[in-house]
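Residue numbers (this note's numbering), protein chains in the order written: chain A, 43 to 129; chain B, -4 to 307.
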């Protein structure tokens, strides 16, 4: 993650991909996940001036071919390099 | 987005408080969430800084939100009620502006009515509300700005809903019966229609629930303001020439304090202090009496003239 920090920060992501980016941990604390859902939903669900639904788009990301391409692009896991030998 | 800065500031501050609350909730495992929330927090902080850096507002604006019977959630408001309520608010503003500039006659045309014109420039959500703004050309501006008049009008209405009776009486002391009459009409309409109200102008943000509307309407009905001129014999203790205030010992009535009419110049007041202190004089005073249910609850004096008495 440290090696690819720019992929997790809002400003560089917005500059590179023209999207507003906020990340969430699906495997973090459940209570935080609920609070965050409540907050982002409140912020993005309706237009403030007239209460009209803005709507949210759900994009599924579990595409095996995409995953393989992404792993290839990232290269080997730095944490695993040099740890392949067991006594 | 409204152009009423206070609403905008309150909105961003509430958002920032929510985000800071979420950040405080995060643990070590919520790394990604922290990135997103901190980015949002920084954006909101910049927004607040930008709002605070704006120059002071010079144009008049006020937001009137209505709730209760005439309103169907955020969907709509009864048109007759809305038109009447906004019209009555506009009347109050016109009278405050006239009161602060040329003076408001007992009856007849309200001076400068055109200059007091506010336009409905937007509807605002949260019950159902209207944003009223000054859109007139700058050359029409008067010495007392329409912004001051709108702020004073909302402060006056605020005083009617105020729990503290003394604060209400002191606010009413500065107005006349005609202005009081428009406030009476405004709150009468609110009560009769079963409406609730929220008023935002300048830094004032006041909500009138059903109890506050009832209290305001009752006060507006039971209060009367009357002006009378009286000549009172006594001795001047002194005047404050710059702040236009006086103190006058009036025999059995005790010491009378109040403002000096602005028609008397600072030089004239300095002459009073040199020549008329402790001299037997007749003071011509305007006495403003605030009555509640007929009983006098407050008297305010304005010194109009001071005449030396010829020794008897």
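All C-beta atoms, glycine included, are put in the ideal place defined by N, C-alpha and C.
### Query
DSSP three-state call for residue 72 of chain B: helix, strand or coil?
Position 77 of the second chain, counting from 1, holds the residue named residue 72 of chain B. Note: residue 72 of chain B maps to strand in three-state DSSP.
### Message
My assumption, with CB atoms under 8 Å, is that residue 217 of chain B sits in contact with residue 288 of chain B. Please give the rounded CB distance.
### Response
What you label residue 217 of chain B is simply residue 222 of the second chain in a count that begins at 1. What you label residue 288 of chain B is simply residue 293 of the second chain in a count that begins at 1. With a Cβ gap of about 5 Å, residue 217 of chain B and residue 288 of chain B count as contacting.
### Message
Short of 6 Å in beta carbon distance, which residues of its chain neighbour residue 55 of chain A, apart from the five on each side in sequence? Order them along the chain.
### Response
In the first chain, the residue the question calls residue 55 of chain A occupies position 13. The answer, listed in chain order, is 63.
### Query
What three-state label does DSSP hand residue 298 of chain B in the structure shown?
Numbered from 1 along the second chain, position 303 holds the residue referred to as residue 298 of chain B. The answer is strand: DSSP assigns residue 298 of chain B an E or B state.
### Task
For residue 70 of chain A, decide whether its Cβ has a neighbour in chain B, counting only Cβ atoms nearer than 9 Å.
Residue 70 of chain A sits at position 28 when you count from the first residue of the first chain. Closer than 9 Å: yes.
### Query
Does residue 81 of chain A have its Cβ less than 9 Å from a Cβ in chain B?
Start at 1 with the first residue of the first chain, and residue 81 of chain A comes out as number 39. Judged by the 9 Å Cβ criterion, residue 81 of chain A is in contact with chain B.
### Task
Ignore the nearest five residues each way along the sequence and tell me which others in residue 4 of chain B's own chain have a CB closer than 6 Å to its CB.
Taking the first residue of the second chain as position 1, residue 4 of chain B is located at position 9. If we look at residue 4 of chain B and ignore the five residues flanking it on each side, its Cβ neighbours are 46.
### Query
By a C-beta neighbour count over all protein chains shown, 10 Å radius and 16 as the cutoff for buried, is residue 291 of chain B buried or exposed?
Your numbering for residue 291 of chain B matches position 296 in the second chain. Flag for residue 291 of chain B reads exposed.
### Below-9 Å beta-carbon distance, residue 57 of chain A vs any chain B residue
Residue 57 of chain A sits at position 15 when you count from the first residue of the first chain. It does not; no Cβ of chain B falls within 9 Å.
### Burial state of residue 248 of chain B, where buried means 16 or more other Cβ atoms lie within 10 Å
As a first step, residue 248 of chain B is located in the second chain; it is residue number 253 there, counting from the start. So residue 248 of chain B ends up on the exposed side.
### Query
Between which two residues does the beta strand (DSSP E) harbouring residue 227 of chain B extend?
Counting from 1 along the second chain, the entry for residue 227 of chain B is found at position 232. Here the beta strand (DSSP E) through residue 227 of chain B covers 218 to 235.
### Task
Please name the residue in B:277, B:252, B:238, B:36 whose C-alpha comes closest to that of residue 308 of chain B.
Outside the displayed range of chain B (-4 to 307) lies residue 308 of chain B, so it cannot be described from this structure.
### Query
In this structure, does DSSP put residue 123 of chain B in helix, strand or coil?
Sequence index remark: in the second chain, residue 123 of chain B carries index 128 (1-based). In the structure shown, residue 123 of chain B sits in a strand (DSSP, three-state: E or B).
### Query
Based on Cα-Cα distance, which residue from B:87, B:303, B:80 lies nearest to residue 125 of chain B?
Along the second chain, one-based indexing puts residue 125 of chain B at 130. With distances taken between Cα atoms, residue 125 of chain B lies closest to B:80.
### Query
What does a CB cutoff of less than 8 Å around residue 58 of chain A pick up in its chain, not counting 5 residues either side in sequence?
Position 16 of the first chain, counted from the start, is the residue given in the question as residue 58 of chain A. The answer, listed in chain order, is 48.
### Query
Can you list the residues of chain E that residue 109 of chain A reaches, using a CB-CB cut of under 7 Å?
The structure shown contains no chain E; its protein chains are A and B.
### Task
Determine which residues of the stretch 87 to 109 of chain A have a Cβ less than 8 Å from any Cβ of chain B, and write them out in chain order.
90, 91, 92, 93
### Query
Are residue 129 of chain B and residue 113 of chain B closer than 9 Å when you measure CB to CB?
The count along the second chain starts at 1 and reaches residue 129 of chain B at position 134. The count along the second chain starts at 1 and reaches residue 113 of chain B at position 118. Yes, Cβ-Cβ distance for residue 129 of chain B and residue 113 of chain B is below 9 Å.
### Query
Among B:267, B:260, B:227, B:44, which one has its Cα closest to the Cα of residue 244 of chain B?
Along the second chain, read from residue 1 onward, the residue named residue 244 of chain B stands at position 249. Residue 244 of chain B has its Cα closest to that of B:227, out of B:267, B:260, B:227, B:44.
#### Entry: Limits of the unbroken alpha helix (DSSP H) element including residue 85 of chain A
To locate residue 85 of chain A, count along the first chain from 1; it is residue 43. Taken as a continuous stretch (DSSP letters only), the alpha helix (DSSP H) holding residue 85 of chain A covers 72 to 86.
### Query
Between residue 127 of chain A and residue 95 of chain A, what straight-line distance do the alpha-carbon atoms span, to the nearest angstrom?
Reading the first chain from its first residue, position 85 is the one you call residue 127 of chain A. Reading the first chain from its first residue, position 53 is the one you call residue 95 of chain A. Caution applies to residue 127 of chain A, whose pLDDT of 46 falls short of 50 and renders its modelled position unreliable; the value that the coordinates give is listed next. For residue 127 of chain A and residue 95 of chain A, the distance between alpha carbons rounds to 56 Å.
### Task
Helix, strand or coil for residue 102 of chain A, going by three-state DSSP, please let me know.
For this step, residue 102 of chain A is matched to residue 60 along the first chain. Looking at residue 102 of chain A - three-state DSSP - the assignment turns out to be coil, as it is neither helix nor strand.
### Proximity to residue 157 of chain B [Cα-Cα], best of B:123, B:214, B:197
On the second chain, residue 157 of chain B is found 162 positions in, with the first residue counted as 1. Answer by Cα proximity: B:214.
#### Entry: Nearest-angstrom Cα separation, counted from residue 117 of chain A out to residue 110 of chain A
Taking the first residue of the first chain as position 1, residue 110 of chain A is located at position 68. Taking the first residue of the first chain as position 1, residue 117 of chain A is located at position 75. The straight-line gap from Cα to Cα measures roughly 11 Å.
### Task
Verify whether the separation of the beta carbon atoms of residue 22 of chain B and residue 66 of chain A is less than 9 Å.
Counting from 1 along the second chain, the entry for residue 22 of chain B is found at position 27. Counting from 1 along the first chain, the entry for residue 66 of chain A is found at position 24. Cβ distance not < 9 Å, so residue 22 of chain B and residue 66 of chain A don't count as in contact.
### Query
Under 9 Å between the Cβ atoms of residue 177 of chain B and residue 61 of chain B?
Position 182 of the second chain, counted from the start, is the residue given in the question as residue 177 of chain B. Position 66 of the second chain, counted from the start, is the residue given in the question as residue 61 of chain B. No, these two residues do not count as a Cβ contact at 9 Å.
#### Entry: Between the CA atoms of residue 91 of chain B and residue 56 of chain B - distance to the nearest angstrom
Counting from 1 along the second chain, the entry for residue 56 of chain B is found at position 61. Counting from 1 along the second chain, the entry for residue 91 of chain B is found at position 96. About 15 Å.
### Query
Should residue 50 of chain B be labelled buried (16 or more other beta-carbon atoms within 10 Å of its own) or exposed?
Numbered from its first residue, the second chain carries residue 50 of chain B at position 55. Flag for residue 50 of chain B reads exposed.
### Query
Nearest-angstrom Cα distance between residue 309 of chain B and residue 298 of chain B?
There is simply no residue 309 of chain B to check, as chain B begins at -4 and stops at 307 in what is shown.
### Message
Using a Cβ-based criterion (distance less than 8 Å to any ligand heavy atom), does residue 6 of chain B qualify as near the ligand SAM?
### Response
As for the ligand SAM, it is missing from this structure, which has no ligand bound.
### Task
Would you mind telling me which residues of chain B sit closer than 9 Å to residue 74 of chain A, beta carbon to beta carbon, in chain order?
Counting from 1 along the first chain, the entry for residue 74 of chain A is found at position 32. The contacting residues are 17, 20, 21, 22, 24, 25, 28.
### Presumed contact (8 Å Cβ cut-off) between residue 76 of chain B and residue 188 of chain B, rounded CB distance
Walking along the second chain from the start, residue 76 of chain B turns up at place 81. Walking along the second chain from the start, residue 188 of chain B turns up at place 193. About 5 Å; that satisfies the 8 Å criterion.
### Message
Run through the DSSP bridge pairs and tell me what residue 285 of chain B is partnered with.
### Response
Along the second chain, read from residue 1 onward, the residue named residue 285 of chain B stands at position 290. Note: residue 285 of chain B sits in a beta bridge opposite B:220, B:293.
### Task
Please state whether DSSP places residue 200 of chain B in a helix, a strand or coil.
Within the second chain, residue 200 of chain B is the residue found at index 205, counting from 1. In this structure, residue 200 of chain B counts as strand in the three-state DSSP scheme.
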